[in-house]
Every structure is written in C-alpha cells, then in structure tokens.
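**Student:** Numbering (the working numbering), first residue to last: 17 to 159.
Shown next as structure tokens:
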C-alpha cells in the first residue's frame, strides 16, 4: 500500500483509495463505532476507562459476493463491528497506536479483506487545552 495520508474530513478517504480501486478493490466503511476501553498511560485511564471511537475502511473485491448474492464471500459488517468493539474492550494497552494495530489484525483476519485503514479516536484524551479530537490512522494490507 502506498501509505497515503487521509484526506480532509468529508472526502472519500485516503489518497491511496483510487490506487486500490484500480486494482479492482471495493471499499466497505464502518464509521463511528463506540466502545469503552481502559487504554492509556495514566492510572486513571486504566482504572476508569473511557470511550474510543473507531472508523474502519476495508478494501475487498465484492464481485464474488455480489455475483452469487453470497454473504460468505464478503466481510459481514455486523460481525466485524462486534469483533472490533470486543477488541477495544479487552486487554488494556498504553497507546492508541497499539490499539489500532490490534484492530487492523481483526479486519485482516477476514478472508475477503485485502487491506484496511483503521482510525482510533480518543475524544477524552488527557490534554490540558481545549481540543476537538485525537486520533491515529494506520494502513495495513494482507502480507
């Protein structure tokens, strides 16, 4: 994957999405998944937990699923959403980067998923100045 930077809010996504589409891949998006996790470097984050918001883009070829109208040939987004929330809710880690890596692994465990972009938002991050959001976006593809 080219590792393109995410586009501005409201655009179609990372700069490399057209490259993946040129490879015959389609895009499935899950946006705004919410889960409580106990991630962070501070004791109060681990003890009290906080909300994390996850956005996922899955690159896949939907042709086999569409041609046979077969759910088994695509990524079941309901199942994926449940798996992602469960991954946020388990085993605390210090960094949202580590959490994003975990979530990318969840996506790529689905046979139809070729590549993914995962964004983890930490809206309650312990920052001492007013802010709108803190997030990390990573891009991974199947090896």
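Just so you know, even glycine gets a beta-carbon here, dropped at the ideal spot from N, CA and C.
#1: Which residue comes first and which comes last in the beta strand (DSSP E) that contains residue 73?
#2: Over what stretch of residues does the beta strand (DSSP E) that includes residue 46 continue unbroken?
#3: Taking all protein chains shown into account, do 16 or more other C-beta atoms lie within 10 angstroms of the C-beta of residue 60, making it buried, or fewer, making it exposed?
#4: Under the DSSP definition of a beta bridge, which residues are partnered with residue 126?
#5: What span of residues does the alpha helix (DSSP H) with residue 105 cover, start to end?
#6: Cβ atoms of residue 137 and residue 68: under 8 Å apart, would you say?
#7: On the premise that residue 110 lies in contact with residue 56, defined as a C-beta separation below 8 Å, what is that separation, rounded to the nearest angstrom?
#8: Which residues bound the beta strand (DSSP E) around residue 153?
#9: Are the beta-carbon atoms of residue 133 and residue 155 separated by less than 8 Å?
#10: Looking only at its own chain, which residues have a Cβ that is under 7 Å from the Cβ of residue 62, when we skip the five neighbours before and after it?
#11: Can you say whether residue 112 is buried or exposed, counting buried as having 16 or more other CB atoms within 10 angstroms of its CB?
#12: Please classify residue 90: does DSSP put it in a helix, a strand, or coil?
#13: Using CA coordinates, which residue listed in 122, 145, 159, 127 is at the minimum distance from residue 72?
**Tutor:** In this structure, then:
#1: 66-76
#2: 42-53
#3: Classification for residue 60: exposed.
#4: The partner list for residue 126 (beta bridge, DSSP) is empty, contrary to what the question assumes.
#5: 93-105
#6: yes
#7: 7 Å
#8: Per DSSP, residue 153 belongs to the beta strand (DSSP E) from 151-157.
#9: yes
#10: 54, 56, 108
#11: buried
#12: coil
#13: The residue with the shortest Cα to Cα distance from residue 72 is 122.
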